[in-house]
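Report on the structure given below.
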Amino acid sequence: MKPSDQLSEYVRRALAQGGEREGIAQALAHAGWSAPEIDEALGGWETAPGLPPVPRPRPYASAQEALLYGLLFLSLGMIGWHVCELGMVLIERLIPDPADSRYYGPGSSTRWSIASLIAFVPLFVILNRKVARMSLGDGGRRRSLVRKWFASVTLLVVALVFLADGIYVIYTLLNGELTARFTAKASLVAGVAGLVFAYYRDELND
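Under the numbering used here, read the sequence shown as residues 1 to 206, first letter to last.
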């Protein structure tokens with residue numbers, strides 16, 4: 001039995017025997033358990049007069065949901081990346097640089113981005129609707145550890161993108177090379193990252 005399971009079982013037995021939560025917490029702290037471990041163990045049980053301790057819902061992990069949220073995470077990342085790719089090409093055509101003689105027509109990278117969006121946008125919409133239906137029909141789905149982990153990884157990536165974008169803007173400004181073209185590109189990256197953040201911002205609060 002894992003230490004966390006041993007702790008939870010001890011709390012259950014202590015509560016079943018009529019122990020007070022403060023006394024149980026003091027005994028556990030004296031035995032060397034940390035305050036977060038004690039709070040989690042005590043918070044896992046609800047007491048009611050005349051009934052044994054009732055377990056509260058706990059987070060869970062599922063291999064099936066790992067596949068579902070993994071595909072959702074991948075599709076959202078691919079959409080964000082290729083929207084930025086197409087946006088960069090559009091900005092370069094709308095705000096041309098006289099010193100840059102490259103041709104910004106529909107090259108292979110542009111066609112690749114369009115093909116990727118055609119493939120991943122429907123996949124994202126389907127998966128997003130499936131997740132929404134699952135959460136609507138079963139509130140317990142909101143406690144999925146897999147869901148929270150993927151949301152955490154996504155928000156971490158978004159935070160890194162914001163930081164990198166901001167650092168690059170500051171560096172360009174200090175270097176005296178901040179142009180309308182660069183500002184538009186930096187705003188595009190920040191906007192896409194902001195949309196991804198808005199999509200996941202409530203996941204960690206459930």
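Note that CB positions come from ideal geometry on N, CA and C, so glycine has one too.
Return the CA-CA distance between residue i and residue j, expressed in angstroms with no decimal places.
{"i": "L136", "j": "E22", "result": "37 Å"}
{"i": "G191", "j": "A41", "result": "42 Å"}
{"i": "L174", "j": "S187", "result": "18 Å"}
{"i": "Y168", "j": "L178", "result": "10 Å"}
{"i": "L86", "j": "G77", "result": "14 Å"}
{"i": "Y75", "j": "S152", "result": "Position check: residue 75 holds Ser in this sequence, whereas Tyr was assumed. Taking the straight line from one Cα to the other gives about 16 Å."}
{"i": "W33", "j": "V189", "result": "46 Å"}
{"i": "R133", "j": "H82", "result": "27 Å"}
{"i": "R201", "j": "T154", "result": "10 Å"}
Inspect the beta-carbon positions of residue i and residue j and report whether they are closer than 9 Å.
{"i": "L67", "j": "K130", "result": "no"}
{"i": "I79", "j": "L127", "result": "no"}
{"i": "I114", "j": "A184", "result": "no"}
{"i": "L28", "j": "V11", "result": "yes"}
{"i": "F124", "j": "L51", "result": "no"}
{"i": "V196", "j": "V158", "result": "yes"}
{"i": "D165", "j": "A198", "result": "no"}
{"i": "V89", "j": "S109", "result": "yes"}
Per DSSP, what kind of secondary structure is residue i in: helix, strand or coil?
{"i": "E20", "result": "coil"}
{"i": "P55", "result": "strand"}
{"i": "W45", "result": "strand"}
{"i": "S219", "result": "As shown, the chain starts at 1 and ends at 206. That puts residue 219 outside it, with no answer to give."}
{"i": "S135", "result": "helix"}
{"i": "S207", "result": "The question about residue 207 has no answer here: the residues shown for the chain are numbered 1 through 206."}
{"i": "S62", "result": "coil"}
Between residue i and residue j, how many whole angstroms is the CB-CB distance? I'm expecting something under 8 Å.
{"i": "L58", "j": "W45", "result": "A small fix is needed here, since residue 58 is Arg in this sequence, not Leu. That pair is no contact at about 11 Å."}
{"i": "F162", "j": "T172", "result": "That belief does not hold up - the Cβ atoms of F162 and T172 are roughly 16 Å apart, past 8 Å."}
{"i": "I208", "j": "A25", "result": "Outside the modelled stretch of the chain, which goes from 1 to 206, sits residue 208, for which no answer is possible."}
Discussion item. Pairs of beta-carbons, one from the segment 142 to 154 and one from the segment 52 to 62, closer than 8 Å: are there three or more?
Written reply: yes
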